[in-house]
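Residue numbers (the working numbering): 8 to 101.
Structure (structure tokens):
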């Protein structure tokens, strides 16, 4: 009899990256919000975005979401977000 063992853990798909340099200020910046599509996350992120907009005098808020809850954001979603904003907030719901 042969046993086949499966390892359900997923290892990292990418090499470790250096974080982007911190912005000196959010004033006048374009903020991106990436929602993972979980229930309730959109309301929470919109609330947080409004607070940040008022506190830091943001120029713009761009809200987008992942197409599916369980999957990572596709490269085209991340590239679109990166091309439109100076900083981003990623969040979940539930």
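Every residue gets a Cβ at the ideal spot worked out from N, C-alpha and C, and that includes glycine. Quick caveat, the model's predicted, so the values are computed rather than measured.
When secondary structure is reduced to three states using DSSP, residue 55 falls in the helix class. A contact is defined here as three or more CB-CB pairs under 8 Å, and the stretch 23-38 meets this definition with respect to the stretch 54-68.
Judged by DSSP secondary structure, residue 80 falls outside any beta strand (DSSP E); it is assigned neither H nor E.
If you ignore the 5 residues before and after residue 40, its C-beta comes within less than 6 Å of the C-beta of 52, 56, 70, 96, all in its own chain and listed in chain order. Annotation: residue 50 to residue 92 spans about 20 Å, alpha carbon to alpha carbon.
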